[in-house]
Amino acid sequence: MAITGPDTVVYRAARPEDAKAINGIDDSFSTNTILTVTSTNDGFALKETPVTPPIHKQFPKDDDHPWGENPTDTIVAVANQQVCGFVTTEYETWNRRLTIVEIRVAPTHRGHGIGRALLNQAIQRAREQGAGHVWLEVTNINTPAIHLYRKAGFTFCGLDTSLYKNTESATETALFMTHPC
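Its first residue numbered 1, the sequence shown is counted upward by one per residue in the UniProt record's numbering.
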């Protein structure tokens, strides 16, 4: 089911009855590029590199509740009375950081501005809570998401080459991005 644009989408706090729809949103992605992480004398370098064949990744399903302790920490995107995306955030008072814990848009609704609108919802929430910045983590192979985050004003602020060790994503690097409030 396609939509015509972000104006046809309603954004609201998640409700308990949204849990099944939230958990059912496909978070897979496909890409023909990755960000290659190279160690340098001064730190690390990132370079977008083509990959053949294209990568298709399906994230493992979490058994966790989709919104942690508080459903109001999740904002859903609803189109045609169906949840088609969400963003879950957590606020840390000690460093005034709002972390985007998870963001997903259903594949049928990607490319319509919903991901960007969900990011904007998170940024607005951060401002309302007095956060200094919004922070997120993304794998170096998820270039579609990285492109979205960069277009939304996020910049790289760090990486971790060991975060995914001992997981099925062990060859990937965690990239950290931030957006000022």
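Built from N, CA and C at the ideal position, the CB exists for glycine as well.
- A residue is called buried when at least 16 other Cβ atoms come within 10 angstroms of its Cβ; residue 157 does not meet this threshold and is exposed.
- Annotation: residue 27 to residue 108 spans about 11 Å, alpha carbon to alpha carbon.
- Three or more beta-carbon pairs separated by less than 8 Å are not found between the stretch 14-30 and the stretch 111-118, which leaves the two stretches without contact.
- Per the coordinates, the alpha-carbon of residue 24 lies some 33 Å from the alpha-carbon of residue 95.
- With a cutoff of 8 Å on beta-carbon distance, residue 133 and residue 152 are scored as not near each other.
- By the C-beta density criterion, residue 170 is exposed, having fewer than 16 other C-beta atoms within 10 angstroms.
- Sequence-distant Cβ neighbours of residue 57 in its own chain, meaning closer than 7 Å and more than five residues away, are 28, 29, 141.
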